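Line by line, the protein sequences are chains Z and E.
Numbering of the first sequence is given in this note's numbering, commencing with residue 1 and proceeding in unit increments.
Numbering of the second sequence is given in this note's numbering, commencing with residue 1 and proceeding in unit increments.
Quick reminder that beta carbons are idealized off the backbone N, C-alpha and C, glycines included.
Computed from a prediction, not measured in an experiment: that's the story for all the values here.
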Amino acid sequence: MSIRIMIVDDSAFSRVILADSLQQEGYEVVGEADGLESLVDTYSQCKPDIVTMDIAMPGADGFECSKVLLAYDAMAKIIVISSMKDEETEAEFRRIGVVGYVQKPVESEVLKRVITGVMSPDRLYEQLDNWSIDMFQEALAQSVTRMTKTTTTFSEQTRSDREVSQGITVVIGIIGRYSGSMILDLSRETAEKMAAVILRRPAKNQEEVMAMAAEFANIVGGVACSMLNKKESAFGLRVSPPSVFCGEQTKIASPTIQLRGIYANNDFGRIYLGIGFKKGMVLWM
Amino acid sequence: MDVSIINPVLEAFTNILPQIGFQTVTRQGVSLADSTLLYQGVLINVGVLGPVQGTILIGMDIDSAKQFASKMMMGMEVTEFDSLAQSAISEMGNMVCANVCTNFVKSGINGMDISPPTLLIGNDGQVRLAVPKVIVVDFSVDTIKIKVYVGLYK
């Protein structure tokens with residue numbers, strides 16, 4: 001089945017040229033929009049695999065149209081096609097969640113390469129996705145042993161985009177070639193027992209328990225990302241400061257990523273560790 | 001309160017929300033809080049890394065989150081805060097925080113990036129950010145109340 005493409009461009013001439021070139025390469029042009037007004041309706045009717053997006057359009061520009069489309073469907077795959085191509089314009093599109101960027105005038109070979117890239121599996125991402133849970137598991141086991149002199153066993157891996165907290169949740173953002181999140185979740189009792197061993201005295205209050213959980217998660221995340229960067233320097237992963245959440249029956253959802261999860265069991269109790277990365281940007285030409 | 005940190009965040013809300021279907025974005029107050037905060041409903045957590053780093057949290061109660069998601073999805077009825085509504089809210093968090101980075105670039109601070117959003121949904125929750133003080137901004141967005149917690153440092 002051919003790849004279905006929708007074109008967003010205010011210029012009728014540009015749409016004809018692009019549609020022609022796409023059809024010659026064997027793609028099916030299933031819809032066209034000349035701006036924001038018809039954007040979402042056309043998209044919801046034709047359900048394309050890929051949307052090509054011009055930047056300079058009267059009224060709402062390509063940034064705004066991309067945001068509206070991604071607000072409507074977070075999974076929309078947008079390739080920007082524009083004569084503008086500077087570092088900051090590209091960076092902003094990347095952060096919004098656009099997956100490809102091609103400079104005008106469009107060479108059909110280049111566009112084909114980007115479309116193929118967007119539609120095919122990303123090998124580097126797959127490696128990261130496959131290695132990540134093992135590395136984070138290893139980092140967790142090492143950190144527990146170093147900080148508490150106890151050992152950890154692991155149960156089977158899970159895949160999910162939502163969990164229910166056991167009591168305390170630490171969220172750490174990861175940034176690099178692919179961005180992601182690490183979630184470490186444990187009960188208050190488990191955290192209190194760990195804090196007592198690490199501090200060599202019972203924690204004075206909940207604040208200290210939360211601080212211990214944050215520091216522990218930060219170490220696990222940092223160690224794991226270093227291990228992954230050593231395996232493949234192109235990942236360039238770094239961790240953001242931890243946020244600690246505390247509450248009964250709190251739901252944790254990561255709508256843009258699928259978390260690979262594992263339960264660690266040790267003397268203190270059970271710790272859930274979830275890790276996931278966003279496929280995000282694929283190809284820029 | 002460091003104005004050079006808070007302004008790019010305020011600007012991002014007034015820039016982005018009108019682009020995704022909201023008519024009015026009114027700032028109702030700015031205050032300083034300690035690193036441990038209480039929350040009700042939904043919190044969107046986005047990690048920020050670069051010369052300015054930390055966390056941005058966007059909070060609202062469940063009914064507000066449903067109204068917010070409904071507006072983002074062109075008025076589609078949202079009766080439950082389900083995975084579709086969660087996805088919409090998290091996309092809003094991503095867009096606003098991406099624009100925060102862009103605004104920092106405009107003020108000469110380059111190399112900023114953000115993590116994917118994580119949602120925490122619960123009641124009587126407590127959150128602790130890794131900064132000594134958090135700037136809390138109250139917004140009214142088409143009468144929907146949202147709270148933004150800025151835990152960023154240079």
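Pairwise C-alpha distance: residue j and residue i
| i | j | result |
| --- | --- | --- |
| M94 of chain E | L57 of chain E | Per the sequence shown, residue 94 of chain E should be read as Asn rather than Met. For N94 of chain E and L57 of chain E, the distance between alpha carbons rounds to 11 Å. |
| G274 of chain Z | I219 of chain Z | 15 Å |
| C46 of chain Z | M6 of chain Z | 8 Å |
| S143 of chain Z | G31 of chain Z | 53 Å |
| N266 of chain Z | T152 of chain Z | 5 Å |
| T145 of chain Z | E232 of chain Z | 26 Å |
| L36 of chain Z | K147 of chain E | 29 Å |
| E87 of chain Z | R94 of chain Z | 10 Å |
| A217 of chain Z | A141 of chain Z | 12 Å |
| Q53 of chain E | Y153 of chain E | 6 Å |
| I133 of chain Z | G26 of chain Z | 39 Å |
| V164 of chain Z | M182 of chain Z | 15 Å |
| E207 of chain Z | R162 of chain Z | 26 Å |
| A69 of chain E | P132 of chain E | 32 Å |
| M135 of chain Z | M227 of chain Z | 7 Å |
| D41 of chain Z | G97 of chain Z | 21 Å |
| A56 of chain Z | K112 of chain Z | 22 Å |
| E189 of chain Z | T36 of chain E | 20 Å |
| K71 of chain E | G41 of chain E | 18 Å |
| N110 of chain E | G176 of chain Z | 15 Å |
| Q137 of chain Z | I271 of chain Z | 11 Å |
| A234 of chain Z | S160 of chain Z | 26 Å |
| D82 of chain E | T158 of chain Z | 21 Å |
| M60 of chain E | Q24 of chain Z | 49 Å |
| L124 of chain Z | D113 of chain E | 20 Å |
| M76 of chain E | E11 of chain E | 28 Å |
| L32 of chain E | Q127 of chain Z | 43 Å |
| K145 of chain E | P121 of chain Z | 41 Å |
| K77 of chain Z | T116 of chain Z | 12 Å |
| E215 of chain Z | G247 of chain Z | 19 Å |
Inter-residue CB distance, residue i and residue j (contact presumed, cutoff 8 Å)
| i | j | result |
| --- | --- | --- |
| A224 of chain Z | V244 of chain Z | Not really, about 18 Å apart at Cβ, beyond 8 Å. |
| G122 of chain E | T55 of chain E | With 8 Å as the limit, G122 of chain E and T55 of chain E do not qualify as a contact, their Cβ atoms being about 18 Å apart. |
| V110 of chain Z | G100 of chain Z | The Cβ separation is near 10 Å, so there is no contact. |
| D61 of chain Z | S14 of chain Z | Going by Cβ atoms, the distance from D61 of chain Z to S14 of chain Z rounds to 15 Å, so no, they are not a contact pair. |
| E92 of chain Z | T102 of chain E | 5 Å |
| S108 of chain Z | S2 of chain Z | That pair is no contact at about 15 Å. |
Minimum C-alpha distance to residue i - residue among the options
| i | options | result |
| --- | --- | --- |
| V172 of chain Z | E:L129, E:K147 and E:V134 | For the record, residue 172 of chain Z in the displayed sequence is Ile; it is not Val. The option with the nearest alpha carbon to I172 of chain Z is E:L129. |
| E90 of chain Z | E:V105, E:E91 and E:V9 | E:V105 |
| A88 of chain E | E:C97, E:S35, E:M73 and E:I16 | E:M73 |
| R4 of chain Z | Z:A12, Z:V118 and Z:E88 | Z:V118 |
| I174 of chain Z | Z:V16, Z:M57 and Z:G276 | Z:G276 |
| D129 of chain Z | Z:G261, Z:Y101 and Z:C246 | Z:G261 |
| T169 of chain Z | Z:A191, Z:T158 and Z:G176 | Z:A191 |
| Y184 of chain E | E:Y153, E:P51, E:I114 and E:L119 | For residue 184 of chain E there is no data in the structure shown, the boundaries of chain E being 1 and 154. |
| N229 of chain Z | Z:K104, Z:I96, Z:Y178 and Z:R159 | Z:Y178 |
| G167 of chain Z | Z:D41, Z:S66, Z:I252 and Z:P105 | Z:I252 |
| P116 of chain E | Z:T256, Z:Y272, Z:A264 and Z:I271 | Z:T256 |
| K104 of chain Z | Z:Y43, Z:L18 and Z:L70 | Z:L18 |
| M75 of chain Z | Z:S44, Z:G221 and Z:D10 | Z:S44 |
| V209 of chain Z | E:I135, E:Q126 and E:K133 | E:Q126 |
| G180 of chain Z | Z:G26, Z:L69, Z:K278 and Z:M1 | Z:K278 |
| V29 of chain Z | Z:S38, Z:V16 and Z:T150 | Z:V16 |
| K67 of chain Z | E:C97, E:M60 and E:S83 | E:C97 |
| I16 of chain E | E:S107, E:N99 and E:G111 | E:N99 |
| L49 of chain E | Z:N205, Z:G236 and Z:C246 | Z:G236 |
| V51 of chain Z | Z:P58, Z:G59 and Z:L39 | Z:L39 |
| T148 of chain Z | Z:M1, Z:Q24, Z:F268 and Z:S21 | Z:F268 |
| D10 of chain Z | Z:A33, Z:R159 and Z:D49 | Z:A33 |
| I44 of chain E | E:E80, E:M92 and E:A12 | E:M92 |
| E156 of chain Z | Z:L69, Z:Y263 and Z:A12 | Z:Y263 |
| L186 of chain Z | Z:T250, Z:G222 and Z:K204 | Z:T250 |
| F221 of chain Z | Z:A203, Z:P121 and Z:A139 | Residue 221 of chain Z is actually Gly in this sequence, not Phe. Taking only the C-alpha atoms, the option nearest G221 of chain Z is Z:A139. |
Residue i beta carbon near the ligand MN (any heavy atom closer than 6 Å)
| i | result |
| --- | --- |
| V51 of chain Z | Annotation note on the ligand MN: not contained in the displayed structure, which lists no ligands. |
Cβ pair count under 8 Å reaching 3, the stretch 230-246 of chain Z against the stretch 78-98 of chain Z = The stretch 230-246 of chain Z vs the stretch 78-98 of chain Z: no contact.
**OP:** Check whether the stretch 22-29 of chain E touches the stretch 135-144 of chain E, taking contact to mean three or more Cβ pairs, one atom from each stretch, closer than 8 Å.
**Re:** The stretch 22-29 of chain E is in contact with the stretch 135-144 of chain E.
Please confirm if the stretch 190-201 of chain Z is in contact with the stretch 7-15 of chain E, defined as three or more CB-CB distances below 8 Å between the two stretches.
-> Contact check between the stretch 190-201 of chain Z and the stretch 7-15 of chain E: fewer than three CB pairs, one atom from each, fall below 8 Å, which does not count as touching.
_Contiguous beta strand (DSSP E) assignments of at least 3 residues, all confined to the stretch 14-49 of chain E_ = Entirely contained in the stretch 14-49 of chain E, the beta strand (DSSP E) runs reaching 3 residues are, in chain order, 25-49.
At 3 residues or longer, what runs of the beta strand (DSSP E) sit wholly inside the stretch 204-258 of chain Z?
For the stretch 204-258 of chain Z, whole beta strand (DSSP E) runs of length 3 or above, ordered along the chain, are 243-246 and 251-253.
| At what residue ranges does the stretch 57-133 of chain Z contain a whole run of the alpha helix (DSSP H), taking only runs of 4 or more? | The DSSP assignment places complete alpha helix (DSSP H) segments of no fewer than 4 residues inside the stretch 57-133 of chain Z at 62-72, 87-96 and 108-119, in order along the chain.
Can you give, in chain order, each stretch of the beta strand (DSSP E) that sits fully within the stretch 176-200 of chain Z and has at least 3 residues?
If you keep only unbroken beta strand (DSSP E) runs of at least 3 residues inside the stretch 176-200 of chain Z, you get 180-186.
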